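Student: Just so you know, the sequences run in chain order A and B. For the record, in the first sequence the residue sitting at position 146 is 157 according to our numbering, with numbers rising by one throughout. For the record, in the second sequence the residue sitting at position 15 is 540 according to our numbering, with numbers rising by one throughout.
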Amino acid sequence: MRPPSPSIPEKEFLNSALKQNLRIDGRIPLDMRTPVFIFGPELGWVDCSLGKTRVVAYVDAKMVKPTPERPFEGMITIHSELSPYGVQRINSPRPSEEEVTITRMLDKIIKRSDALDKESLCILAGQRVWHIRLSLHFLADAGNMVDCACLAGIVALRHFRRPEVEVIGDDEVIVHSPLERAPMPLAIHHSPFCFTFAFFADPETPPILDPTQLEQRLSAGLMSIALNAQKEICVLQKLGGVPQDTEEILRLVKVAVAQAKELSNTVDAKLTADWATRKVEVR
Amino acid sequence: MGSRIEILNEAGFRSDGRRQFELRDLTIDLAKHGEADGSALISHGLTQVLVSVYGPREAKMRSHTFHDRANINVEVVVASFSTGERRKRQRGDKRVLEFAATIKSTFEPVIRTNLYPRSQIDIYVQVLQQDGSTLQTCINAATLALMNAGIPMTDFVCAVTGGVHSTSPMLDLSTLEENDIPHVTVAVMPKTKKVVLVTMETRLHVDRFEEILNLARDAGAILHQEMKEAILARSATLVALAEPVTKNQNKGDDDVVMD
Chain A
12 MRPPSPSIPE KEFLNSALKQ NLRIDGRIPL DMRTPVFIFG PELGWVDCSL
62 GKTRVVAYVD AKMVKPTPER PFEGMITIHS ELSPYGVQRI NSPRPSEEEV
112 TITRMLDKII KRSDALDKES LCILAGQRVW HIRLSLHFLA DAGNMVDCAC
162 LAGIVALRHF RRPEVEVIGD DEVIVHSPLE RAPMPLAIHH SPFCFTFAFF
212 ADPETPPILD PTQLEQRLSA GLMSIALNAQ KEICVLQKLG GVPQDTEEIL
262 RLVKVAVAQA KELSNTVDAK LTADWATRKV EVR
Chain B
526 MGSRIEILNE AGFRSDGRRQ FELRDLTIDL AKHGEADGSA LISHGLTQVL
576 VSVYGPREAK MRSHTFHDRA NINVEVVVAS FSTGERRKRQ RGDKRVLEFA
626 ATIKSTFEPV IRTNLYPRSQ IDIYVQVLQQ DGSTLQTCIN AATLALMNAG
676 IPMTDFVCAV TGGVHSTSPM LDLSTLEEND IPHVTVAVMP KTKKVVLVTM
726 ETRLHVDRFE EILNLARDAG AILHQEMKEA ILARSATLVA LAEPVTKNQN
776 KGDDDVVMD
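1) Using Cβ-Cβ distances below 7 angstroms, what residues of the segment 236 to 254 of chain A are close to chain B?
2) Going by DSSP in three states, Glu703/B sits in which element: helix, strand or coil?
3) Does chain B have any CB closer than 9 angstroms to the CB of Arg115/A?
4) Quick one: Cα of Met12/A to Cα of Glu130/A, how far?
5) Excluding the 5 residues preceding and the 5 following Leu640/B in the sequence, name in chain order all residues of the same chain whose CB lies nearer than 7 angstroms to its CB.
6) Quick one: is Val111/A near chain B, going by C-beta distance under 9 angstroms?
7) Return the chain-ordered list of same chain residues with a C-beta closer than 6 angstroms to the C-beta of Leu660/B, the five sequence neighbours on each side being excluded.
8) Helix, strand or coil: how does DSSP classify Ala741/B here?
9) What did DSSP end up calling Val682/B once you bin it into helix, strand or coil?
10) What are the start and end residues of each continuous alpha helix (DSSP H) run of 4 or more residues lying completely inside the segment 44 to 123 of chain A, in chain order?
11) Using a Cβ cut-off of 7 angstroms, which residues of the segment 725 to 741 of chain B contact any Cβ in chain A, in chain order?
12) Which same chain residues end up closer than 7 angstroms to His173/A when comparing Cβ atoms and leaving out the 5 residues on each side of it in sequence?
13) So that I know if they touch, is there some Cβ in chain A lying closer than 9 angstroms to that of Val720/B?
14) Determine whether the Cβ of Leu671/B lies closer than 9 angstroms to any Cβ atom of chain A.
15) Indicate, with yes or no, if the ligand FMN has a heavy atom lying under 8 angstroms from the CB of Glu535/B.
16) Take the Cβ of Val166/A as the centre, count every other Cβ of all protein chains shown within 10 Å, and call the residue buried at 16 or more, exposed below.
17) Using a Cβ-Cβ cutoff of 9 angstroms, what residues of the segment 620 to 642 of chain B are near chain A? List them in chain order.
18) Let me know the alpha helix (DSSP H) ranges lying completely inside the segment 192 to 220 of chain A, each 4 residues or longer, listed in chain order.
19) I need the boundaries of the beta strand (DSSP E) containing Asp554/B, first residue and last residue.
20) Determine the contact status of Leu247/A and Ser235/A, defining contact as a CB-CB distance below 9 angstroms.
21) Can you say whether Phe171/A is buried or exposed, counting buried as having 16 or more other CB atoms within 10 angstroms of its CB?
22) Can the beta-carbon of Met714/B be found closer than 9 angstroms to that of Asp743/B?
23) List the residues of chain D that Lys119/A touches, going by C-beta distances under 8 angstroms, in chain order.
24) When the distance is taken between beta carbons, is Ala746/B closer than 9 angstroms to Thr668/B?
25) Could you work out which residues of chain B lie near Ile260/A, taking near to mean beta carbons separated by less than 8 angstroms?
Right, dumping it as structure tokens:
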């Protein structure tokens, strides 16, 4: 069963508004919704919202035996499931196309781009490493869940602190509780942020950044760019949809570069502000 | 392992003896799966993919049909013997599902689906051998198979991979190169030079990306020539085979001379 398509008046209204560079929620085409972060009492818990789209990310760490192929590296797994409460779900055991897209994007952006240094997660080579688990819960879908999830994931990883471990000799490992010794942040090389653009069939209609659900449904193509503040593109995906000139694609890449810089500053500021509210006494 | 294999040496040769912008050997066979409405077996060097197209035909599931256009269904099977190490893939493997979704959304704006309402076009992709640039090969094979099946399309879709080794760009990457350097797959429609698909999963600086995107787009036009020739050659063969029939039609002969 396919989800119901938007009605004809909605479709026509959106298309004619976009031709005049107006979006239904009042933004200009290349304007992104301001992200709002709510940090939980636990370190590594973040509720990130882009407008009405809400994603909760939670990080936890476990000590495990490493895989024999890579005895010096820790592991990171991303668990993301589209909750039926927040998202219009089709009842089927196979993951929906959107779910597959989101899971794959998160995998590429956070795991494949090596944002998190896996070697720093090693405690005792060949015996004990940290297994970092990032869980994402999609609470509400008002469009563009990929960007929201990516943002929530990266911010949660940067917010998280793992317990300090001490290795004595060759085989003794002491894990210090957070009350004894201050927990350590994860070694994050770079923070990739994802930006999704939507294209429309009519060549007069400009591409828009951060589409809402209606805009996403009525779009004729999406392009997601994940990049960091150092101007490196981690993932660029334009999987079909309306064909575009390379000049247009490069123009949008430049827009994303500017947005990434801004977002990076915002995230840094928010994390610093939150850290200041937590009492960490050093004796 | 002894010395590391150089991706590009000082003389300008790559690990398999190619030059920087040289594409691998391209072979196209459009007659492999005769039962299907259209098929194409294509290999870029050692990467080999077989695509079979059925359709437009009646949709198997009524719920998947659209009242005003054809539904495109893509299924991808990656043979367990396709890579160096034998690896069996599960049916719901997310990577394979994503692959299929990618191919589907690549062809959706290109196939004239509005000519066949309430029908289904099935594209079955079988990856037989993988030596890098799998998506490139699948897209090229699907284009040829769809053309072979006589399904109307607005243009060819030619795909090529590009990569950058420090500052030197190169095209049509093998597995060795893909594992080492950042790379991007670009699918372009040669008439308008517009890009249908761009996908990159490795980290690359924005300036390098600009270079390689334009290069890959231009390389797509070269592939277009080869693919067009293959289609024309196949069509010429089919016309020649049918010639005796069409020639003798007026004579009313029952016997037909076929070479």
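A virtual CB, placed ideally from N, CA and C, is assigned to each residue, including glycine. Model, not experiment: these values are computed from the prediction.
Tutor: Well, looking at it:
1) Lys242, Glu243, Ile244, Cys245, Val246, Leu247, Gln248, Lys249, Leu250, Gly251, Gly252, Val253, Pro254
2) Against the second sequence, residue 703/B aligns to sequence position 178. In this structure, Glu703/B counts as helix in the three-state DSSP scheme.
3) What you label residue 115/A is simply residue 104 of the first sequence in a count that begins at 1. With 9 angstroms as the cut-off, Arg115/A counts as an interface residue toward chain B.
4) The count along the first sequence starts at 1 and reaches residue 12/A at position 1. The count along the first sequence starts at 1 and reaches residue 130/A at position 119. In this predicted model, Met12/A has a pLDDT of only 44, less than 50, meaning its place in the structure is not dependable; the value taken from the coordinates is given anyway. Rounded to whole angstroms, Met12/A to Glu130/A spans 45 angstroms at the Cα level.
5) Taking the second sequence and counting its residues from 1, the one referred to as residue 640/B is at position 115. So the qualifying residues of the chain are Pro677.
6) Here the question's residue 111/A lines up with position 100 in the first sequence. Chain B, which has a Cβ nearer than 9 angstroms to the Cβ of Val111/A, makes this yes.
7) By one-based count along the second sequence, residue 660/B stands at place 135. If we look at Leu660/B and ignore the five residues flanking it on each side, its Cβ neighbours are Thr710.
8) Along the second sequence, read from residue 1 onward, the residue named residue 741/B stands at position 216. In the structure shown, Ala741/B sits in a helix (DSSP, three-state: H, G or I).
9) Numbered from 1 along the second sequence, position 157 holds the residue referred to as residue 682/B. Of the three classes helix, strand and coil, the one that applies to Val682/B here is coil, per DSSP.
10) 108 to 117
11) Met725, Glu726, Arg728, Leu729, His730, Val731, Phe734, Glu735, Leu738, Asn739
12) The sequence position of residue 173/A within the first sequence is 162, counting from 1. Note that residue 173/A corresponds to Arg in the displayed sequence, not to His. Closer than 7 angstroms at the Cβ level, and outside the excluded window around Arg173/A, lie Ala72, Trp141, Pro194, Met195, Leu197.
13) Taking the first residue of the second sequence as 1, we reach residue 720/B at position 195. True, the Cβ-Cβ gap to chain A drops below 9 angstroms.
14) Taking the first residue of the second sequence as 1, we reach residue 671/B at position 146. Leu671/B does not count as touching chain A.
15) Inclusion of the ligand FMN in the displayed structure is not the case, the ligand content being empty and no account of it being possible.
16) As a position in the first sequence, residue 166/A is number 155, starting the count at 1. Buried.
17) Arg620, Leu622, Glu623, Ala626, Thr627, Ile628, Lys629, Ser630, Thr631, Phe632, Glu633, Pro634, Val635
18) none
19) The residue labelled residue 554/B in the question sits at position 29 within the second sequence. Per DSSP, Asp554/B belongs to the beta strand (DSSP E) from 551 to 554.
20) Your numbering for residue 247/A matches position 236 in the first sequence. Your numbering for residue 235/A matches position 224 in the first sequence. A contact, by the Cβ cut-off of 9 angstroms.
21) Here residue 171/A refers to the residue found at position 160 when the first sequence is read from its first residue. By the neighbour-count rule (16 or more Cβ atoms within 10 Å), Phe171/A is buried.
22) As a position in the second sequence, residue 714/B is number 189, starting the count at 1. As a position in the second sequence, residue 743/B is number 218, starting the count at 1. For Met714/B and Asp743/B, no; Cβs fall outside 9 angstroms.
23) Looking for chain D here will not work: the only protein chains present are A and B.
24) Translated into positions along the second sequence, residue 668/B becomes position 143. Translated into positions along the second sequence, residue 746/B becomes position 221. Against a cut-off of 9 angstroms, the Cβ pair of Ala746/B and Thr668/B comes out as no contact.
25) Here residue 260/A is taken as the residue at index 249 of the first sequence, counted from 1. Neighbours of Ile260/A on chain B, chain order: Val720, Val723, Leu738.
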